[in-house]
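In terms of our numbering, the sequence shown is residues 1197 to 1635.
Glycine included, every Cβ here is placed at the ideal spot set by N, Cα and C.
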Amino acid sequence: MAYIQKINVKYHDRETGSVCELPALYTEKGVVISHIRYLAWYSSKSESWKERSIFSLKLLLTYIDAVPNFESSTLLLKGFTKALLVGTIDYEKMDDELGLYWKARKPRDANNILFHITHYSDFLALQEGFDSSRINPFRKATSYEERLNWCAYYHKHANVFLNHLSNQKDAAFNAQRVRFIDRLLEPKINNEKAMKFPDDHFEKLLYIGMVKDSTPDYKSQAMTMLLNYGGLRKSELFHLYVSDITLHPIYQDEALVRVYHPEIGRSPDSSFANRREYLLESTSYKPRNSYRLSERLYAGWKSPLLTNKDGYFEVIFNPPEKAKEFLISWANYLKYQRVEPAKTDTHPFAFTNSTGTPETIKNFQRIHKRAVKKIGLEAKKELGTTEHGHRHAYGYRARKLGLSQVEIQKAMHHKSSLSCLVYIQPTSEDIRNKMREIK
């Protein structure tokens, strides 16, 4: 009986001697080894990327099981693409001949799945012995590995994106070639309303929502200020060390906050090469982006623009005077509420929970949601009232101040000046008001 299960495995790299934990697919014919090697090769990718790759491949293998009589990898992939987009259910007969009962997916979701499969297939096509590993014809391939090699072979020979074109003639010729399985067209949608946290409710969130029994929750206030006044991503909060937040050497009574790369950023102890080495050798923890997505201490890292050779960027408060307000909450948190780590379980992370261990994203989300409800709002992404709505508010305020696109890019730590556009787009009402002002 065919089955496909996701498991976790420890992968030993013979070349480097390193060991890492990776997700893998286990079938009735064994583990899909080639995909483990693929994930190991791209070990620096985020946990969410790896999980999405596993999910996409599992869908493909499930589809292969459901349609074992396909004689062509081309037909197989075309059928798989169609199944993603329109589903597999025959609503007229109220039946599914494949037994998958897949519902239709949005083009963006289907494209993401196809991207991961194509990326993996291209990796397979580059491996030594790839040509000899294929069994001819496709229908005789008995293992998942063999059929995946055929899919990779198809992708390799149907790919329009050829590297190292020698001249314009070659480029023109190859530009006419397309994949048989091309990207699905997605409708272009520009959100009518920016998903920013409402400015007129932010003070209430801090000083009413984040107060319990007349006592301010200084930790939650400080964290939320870094999101709204500092423009940080939610995940970046959980990489901060206590030593990353200091008094500004130039601006009196203001905080200086530096966000370091969780692995290659400079260690607070100069005897260690970087933060990864520091954590692994002096604590029981590791960089939080190194944990599995399912582990409580996991915090992602979006690869922001770093502005110093020591591997960090500085938070630019907006409005600037809020750096003082943040410093007050931070100092009160350290003085009155921070639970220090146990001597047997020390760590440098800035924000701790009630037991002294590092605070988690999930717990902060609960605290934030509860505070939002306390001030009479509904916590929904579409309303801008989740944690990410604060970063939108930061970018929107920056645009209203008249900062240029490049300046906003730097303030929000984007590598591309185009990345900030989603945060600063005007609403229809903004445009109408601008037109009225011109009159």
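Bounding residues of the beta strand (DSSP E) (the contiguous stretch that carries His1208): 1200 to 1208
Beta carbon proximity, Ala1321 to chain C, threshold 7 Å: Among the protein chains of the structure shown there is no chain C, as only one such chain exists.
Span of the alpha helix (DSSP H), counted from its first residue to its last, around Ile1563: 1557 to 1570
Local Cβ density within 10 Å of His1208, reported as buried at 16 or more and exposed below that: exposed
Contacts around Lys1365, its chain only, beta-carbon distance under 7 Å, and the 5 residues preceding and following it disregarded: Reliability fails at Lys1365, whose pLDDT of 46 lies under 50, so the model's placement of it is uncertain and the value that follows must be treated cautiously. Correct list: empty, nothing qualifies.
Own chain residues within Cβ distance below 8 Å of Gln1201, not counting five before or after: Leu1221, Tyr1222, Thr1223
Cβ contact check for the region 1510 to 1523 and the region 1588 to 1608: 3 or more pairs under 8 Å: yes
Three-pair Cβ contact test at 8 Å for the region 1545 to 1556 versus the region 1569 to 1580: no
Contained beta strand (DSSP E) runs [length at least 3] in the region 1487 to 1541, N- to C-terminal order: 1508 to 1510
Trp1526 beta carbon near the ligand PLP (any heavy atom closer than 6 Å): This structure lacks the ligand PLP; in fact it carries no ligand of any kind.
Exposure label - Pro1219; buried when at least 16 CB within 10 Å: buried
Same chain, Cβ closer than 8 Å to Glu1243, five either side skipped, listed in chain order: Asn1485, Tyr1487, Arg1488, Leu1489, Tyr1494, Gly1496
For Glu1459, the nearest candidate out of Phe1311, Asp1506, Met1421, Pro1445 (CA to CA): Asp1506
Distance, Tyr1238 Cα to His1192 Cα: No statement about residue 1192 is possible, as the shown extent of the chain runs from 1197 to 1635 and does not include it.
Sequence-distant residues of the same chain with beta carbon closer than 8 Å to Ser1362, five excluded per side: Any reading at Ser1362 needs caution, since the residue's pLDDT is 37, under 50, leaving its predicted position unreliable; the model's value is listed next. Nothing meets the Cβ criterion.
Where the alpha helix (DSSP H) through Arg1472 begins and ends: 1471 to 1478
Cβ shell of Ala1538 (< 6 Å), same chain only, five flanking positions each side left out: Gly1552
Coarse secondary structure for Thr1223, derived from DSSP in three states: strand
Beta-carbon contacts of Val1618 that lie in its chain and below 6 Å, excluding the five residues immediately before and after: none
Alpha-carbon spacing of Ser1160 relative to Leu1320, whole angstroms: Here the chain comprises residues numbered 1197 to 1635, so residue 1160 is not present and cannot be evaluated.
His1360 burial status per 10 Å Cβ neighbour count (16 or more: buried): At His1360 the pLDDT is 33, less than 50, meaning the model places this residue with poor confidence; the figure from the coordinates comes in the next sentence. Classification for His1360: exposed.
Neighbourhood of Ser1525 by C-beta, 6 Å cutoff - its chain only, sequence neighbours within 5 removed: Tyr1414, Gln1417, Ala1418
Bridge partner(s) assigned by DSSP for Tyr1411: In the sequence as displayed, the identity of residue 1411 is Thr instead of Tyr. Answer is Lys1408, bridged to Thr1411.
Alpha-carbon to alpha-carbon, Tyr1447 and Leu1523: 12 Å
Own chain residues within Cβ distance below 7 Å of Gly1295, not counting five before or after: Ala1262
Residue environment, Tyr1403, which counts as buried when at least 16 other CB atoms sit within 10 Å: exposed
Cβ pair Ser1252, Ile1309 closer than 7 Å: yes
Pair within 7 Å by beta-carbon distance, Arg1454 and Glu1491: no
Through-space distance from Ala1575 to Leu1501, alpha-carbon basis: 30 Å
Cβ-based burial, Arg1429 [other Cβ within 10 Å; buried from 16]: buried
Rounded separation between Met1421 and Ser1615 - CA only: 22 Å
Chain-order list of residues whose beta-carbon lies under 8 Å from that of Ser1550 (same chain, five-residue window excluded): Val1535
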